[in-house]
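J.: One point on numbering: in numbering that gives the first Met the number 0, the residue at position 58 of the sequence shown is 57, and numbering is uninterrupted.
Glycine included, every Cβ here is placed at the ideal spot set by N, Cα and C.
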Amino acid sequence: MSHRRYTKQVLITSISSLLLCCLTFLGTTYAWFTDSVTSGVNTIQAGSLQVDLVNENNESIVGKQAVFHMTDGSTDLIMEPGMTFMSDPMYVANQGNLALMFQIKVDAEEATQTSDGKTLLDVITFTVNGQPLDAYEGVILPAGQSGSTGRSEQLQIEGHMPKTVGNEYQGLTIERFQITVVAKQYGYEIDGFGTDYDQEAQYPGEAGNGTELNRLLKEEGKAKLSKNMEAQRYTDETETYTYLNVENPSVIDLGGHQLTADWLNLSADVTIKNGTLVLGNANAIACSQDGITVTLEDVILISDQGVTLSSDTHETYVFTRVTTDADIKIENKYFTINDGVYNGAIHLINTQLAANGGTYSGQMTIESALATPNAVTIYKGSFLGFDPTQCAVQMPDHTIQTVNLVSPDSTLTTTTTSDGAVWYLVTPSQTITDAQE
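Right, here's the structure in full:
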């Protein structure tokens, strides 16, 4: 009996010891046999992307001398139709240790304009080594790689004023005329996966997505699209939409590409030019600041729902060489049209319009809050089936009054095409620059 009790006590003691050991393990950190080895050390250095313009002696010419001259060597560029000027021979130099791709641009800090907003840069054609300047793109490897000298082929830029340039360009000037070289990474160096890691590299000032576009406009006030793209995408509780916000005076160069946006919220002067603008709804352009100017220049404007420019603010819209099939409704604004093709209807409500050109295939209708409806003046334009001297205007009392919209300084003629279409042609003797003059 006592032996059985002793055995029981030993068993209980053993179990208690085992439990105590388990509890001890819960409060400890496991340690395992380990080993380590360190490989040989590489030096990691950030690559350098640096570009320069140099002469034959590899001396930088940036900011040091006038690079353009006439054929007689004069650096006073007094142009007339048919004349050509040229640059000194130059090279683009790769001063860094990364392969680069470059473009050359010719621009100016200041330039006087014609009445429709054009400058001499709009009519002078530029070439580099005989190729159109805007199509020229070069690649330079760092010096010593694959036999590279670290600089481009010899480059010479020519500017030519066509013989067709008209009198409206007489006396215009360009101040601080300059050559700009922009460069980006080129797919030459190899990482662990190949050479295409930098294929999305952008030139300075270029945007390849909506986020980058918003950043450039906020920080620099200008941006150029590098491809077709949407504005930045946002999602709220009920929907997802694309949205472009312009808070500072800005210039958006579409670069021949297409920008799609459901909303453009504009609170500063903005110019959108050189491409296609696709709007997701009729009220896509919204201005939140009184008195700003919105300019569309050389733009194809697409909106399946039409374009409605209506808000509590009073801003100016300037359409220069705009092409659109959309109906346009504009209310309580200043509106200037400098040429373009307008195939939809134009409905003006209490809007002051100056038409300095353009081809119009749709009807123009007007509602006026003025006792005398003289806010719309047509100086120049071609109108299909619409006689601008016999425009029906709805007055404040809802009566209809027939009004002559043609400027007293312009004349109206008609022509009939072979298919029986009647065109009304307004020819000016003078124009104005905007609707507020």
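From the DSSP output, read off the bridge partner residues of M439.
T.: Missing from the structure shown is residue 439; the chain here goes from 0 to 436 and no further.
J.: Mind pulling the beta strand (DSSP E) runs of 3 or more residues that sit fully within the region 269-322?
T.: Qualifying beta strand (DSSP E) stretches, in chain order: 269-278, 284-286, 292-301, 306-309.
J.: Would you grab the beta carbon distance between D103 and L132 for me? Rounded to a whole angstrom, and I think it's under 8 Å.
T.: Your numbering for residue 103 matches position 104 in the sequence shown. Your numbering for residue 132 matches position 133 in the sequence shown. Correcting the residue identity first, residue 103 is Ile in this sequence and not Asp. About 6 Å separates the two Cβ atoms, so the contact holds.
J.: Starting from the N-terminal side, write out each stretch of the alpha helix (DSSP H) that is 4 residues or longer and does not extend beyond the region 319-344.
T.: none
J.: Rounded to the nearest angstrom, what separates Y233 and N213 at their Cα positions?
T.: Here residue 233 is taken as the residue at index 234 of the sequence shown, counted from 1. Here residue 213 is taken as the residue at index 214 of the sequence shown, counted from 1. Distance between the alpha carbons of Y233 and N213: 13 Å.
J.: Give the DSSP-derived three-state secondary structure of N213 in the structure shown.
T.: Indexing the sequence shown from 1 puts residue 213 at position 214. Helix at N213.
J.: Could you tell me the alpha carbon to alpha carbon distance between E55 and I284, rounded to whole angstroms?
T.: To locate residue 55, count along the sequence shown from 1; it is residue 56. To locate residue 284, count along the sequence shown from 1; it is residue 285. Distance between the alpha carbons of E55 and I284: 51 Å.
J.: Identify which residue in T376, A344, E366, T398 has its Cα closest to the Cα of T335.
T.: Numbered from 1 along the sequence shown, position 336 holds the residue referred to as residue 335. Among T376, A344, E366, T398, the Cα nearest to that of T335 belongs to T376.
J.: Going by DSSP in three states, D115 sits in which element: helix, strand or coil?
T.: If you number the sequence shown from 1, residue 115 lands on position 116. DSSP places D115 in coil when its eight states are reduced to three.
J.: Using 8 Å for Cβ pairs, my map puts M85 next to I156. What's the rounded Cβ distance?
T.: Locating residue 85 in the sequence shown gives position 86, where the first residue counts as 1. Locating residue 156 in the sequence shown gives position 157, where the first residue counts as 1. 7 Å between Cβ atoms; contact.
J.: Give the DSSP bridge partners of V122, in chain order.
T.: Residue 122 sits at position 123 when you count from the first residue of the sequence shown. Paired residues: none, contrary to the question.
J.: To the nearest angstrom, report how far apart V40 and K221 are at their CA atoms.
T.: As a working mapping, residue 40 is identified with position 41 in the sequence shown. As a working mapping, residue 221 is identified with position 222 in the sequence shown. Residue confidence for V40 is low, a pLDDT of 45 falling below 50, so the modelled location carries little weight and cannot support an answer.
J.: Can you tell me the Cα-Cα spacing of F101 and V138, whole angstroms?
T.: Reading the sequence shown from its first residue, position 102 is the one you call residue 101. Reading the sequence shown from its first residue, position 139 is the one you call residue 138. Cα-Cα distance, rounded: 6 Å.
J.: Taking G279 and T241 to be in contact with their CB atoms under 8 Å, please state how far apart those CB atoms are, rounded to whole angstroms.
T.: As a working note, residue 279 is residue 280 in the sequence shown. As a working note, residue 241 is residue 242 in the sequence shown. Correct: roughly 7 Å between the Cβ atoms.
J.: What residue from P80, L52, V245, L99 has the CA that sits closest to V514's CA?
T.: Only positions 0 to 436 of the chain appear in this structure, which leaves residue 514 out of reach.
J.: Mapping DSSP to helix, strand and coil, what is S151?
T.: On the sequence shown, position 152 is the one that residue 151 refers to. In the structure shown, S151 sits in coil (DSSP, three-state: anything other than H, G, I, E or B).
J.: Find out if the Cβ-Cβ distance for the pair L258, L276 is shorter than 7 Å.
T.: Taking the first residue of the sequence shown as position 1, residue 258 is located at position 259. Taking the first residue of the sequence shown as position 1, residue 276 is located at position 277. Taking 7 Å as the Cβ cut-off, L258 and L276 qualify as a contacting pair.
J.: My understanding is that Y341 touches D386, with C-beta atoms under 8 Å, so please give their C-beta distance in whole angstroms.
T.: In the sequence shown, counting from the first residue as 1, residue 341 sits at position 342. In the sequence shown, counting from the first residue as 1, residue 386 sits at position 387. About 17 Å; that fails the 8 Å criterion.
J.: Is the beta carbon of G339 less than 7 Å from the beta carbon of T350?
T.: Numbered from its first residue, the sequence shown carries residue 339 at position 340. Numbered from its first residue, the sequence shown carries residue 350 at position 351. Against a cut-off of 7 Å, the Cβ pair of T350 and G339 comes out as no contact.
J.: T124: which of G143, M82, L99 sits nearest, CA to CA?
T.: Taking the first residue of the sequence shown as 1, we reach residue 124 at position 125. Taking only the C-alpha atoms, the option nearest T124 is M82.
J.: Kindly indicate which three-state DSSP category Q144 falls into: helix, strand or coil?
T.: Your numbering for residue 144 matches position 145 in the sequence shown. Residue state, collapsed to three classes: helix.
J.: Between which two residues does the beta strand (DSSP E) carrying S249 extend?
T.: Position 250 of the sequence shown, counting from 1, holds the residue named residue 249. Counting along the chain, the beta strand (DSSP E) containing S249 begins and ends at 249-252.
J.: Please classify A346: is it buried, with 16 or more other beta-carbons within 10 angstroms of its beta-carbon, or exposed?
T.: Position 347 of the sequence shown, counting from 1, holds the residue named residue 346. Residue 346 is actually His in this sequence, not Ala. Classification for H346: buried.
J.: Under 7 Å, Cβ to Cβ, is there at least one residue of chain D near G165?
T.: Absent here is chain D; the protein component of the structure consists of one chain.
J.: Once you ignore the five residues that flank S38 on each side, which residues in its own chain have a CB closer than 7 Å to its CB?
T.: Taking the first residue of the sequence shown as position 1, residue 38 is located at position 39. Any reading at S38 needs caution, since the residue's pLDDT is 37, under 50, leaving its predicted position unreliable; the model's value is listed next. If the five residues before and after S38 are omitted, its C-beta is found closer than 7 Å to no C-beta atom of its own chain.
J.: In terms of residue numbering, what span does the beta strand (DSSP E) encompassing M85 cover?
T.: Here residue 85 is taken as the residue at index 86 of the sequence shown, counted from 1. It spans 83-86 - the beta strand (DSSP E) in which M85 sits, taken as one unbroken run.
J.: As a quick exercise: from Y168, V53, R175, pick the residue whose alpha carbon is nearest that of D106.
T.: What you label residue 106 is simply residue 107 of the sequence shown in a count that begins at 1. Among Y168, V53, R175, the Cα nearest to that of D106 is on R175.
J.: Whose C-alpha, out of Q389, L383, V392, S428, is nearest the C-alpha of T414?
T.: As a first step, residue 414 is located in the sequence shown; it is residue number 415 there, counting from the start. With distances taken between Cα atoms, T414 lies closest to L383.
J.: From what residue to what residue does the beta strand (DSSP E) around H159 run?
T.: As a working mapping, residue 159 is identified with position 160 in the sequence shown. That run of the beta strand (DSSP E) goes 156-159.
J.: Whose C-alpha, out of I348, E136, G361, is nearest the C-alpha of A325?
T.: The count along the sequence shown starts at 1 and reaches residue 325 at position 326. Among I348, E136, G361, the Cα nearest to that of A325 belongs to G361.
J.: Should L22 be labelled buried (16 or more other beta-carbon atoms within 10 Å of its own) or exposed?
T.: If you number the sequence shown from 1, residue 22 lands on position 23. Here L22 scores only 48 on pLDDT, less than 50, and its place in the model should not be relied on; the value that follows carries that caveat. That one is exposed.
J.: Between which residues of its own chain and L295 is the CB-CB distance below 6 Å, once the five residues before and five after are set aside?
T.: To locate residue 295, count along the sequence shown from 1; it is residue 296. Excluding residues within five positions, the ones whose Cβ falls inside 6 Å are I271, F318, V321.
J.: Could you tell me the alpha carbon to alpha carbon distance between G207 and A267, rounded to whole angstroms?
T.: Taking the first residue of the sequence shown as position 1, residue 207 is located at position 208. Taking the first residue of the sequence shown as position 1, residue 267 is located at position 268. Roughly 23 Å between the two C-alpha positions.
J.: Are V392 and I365 touching if we call contact CB-CB under 7 Å?
T.: Along the sequence shown, one-based indexing puts residue 392 at 393. Along the sequence shown, one-based indexing puts residue 365 at 366. In this structure, I365 lies closer than 7 Å to V392 by Cβ.
J.: Round the Cβ separation of K332 and L308 to the nearest angstrom and send it over; I've been treating them as touching at under 8 Å.
T.: By one-based count along the sequence shown, residue 332 stands at place 333. By one-based count along the sequence shown, residue 308 stands at place 309. About 6 Å separates the two Cβ atoms, so the contact holds.
J.: Keeping to the same chain, check which residues put their C-beta closer than 7 Å to that of D261; ignore five residues upstream and five downstream.
T.: As a working mapping, residue 261 is identified with position 262 in the sequence shown. Within the same chain, D261 has close Cβ partners Y240, T241, Y242, G279, N280, A283.
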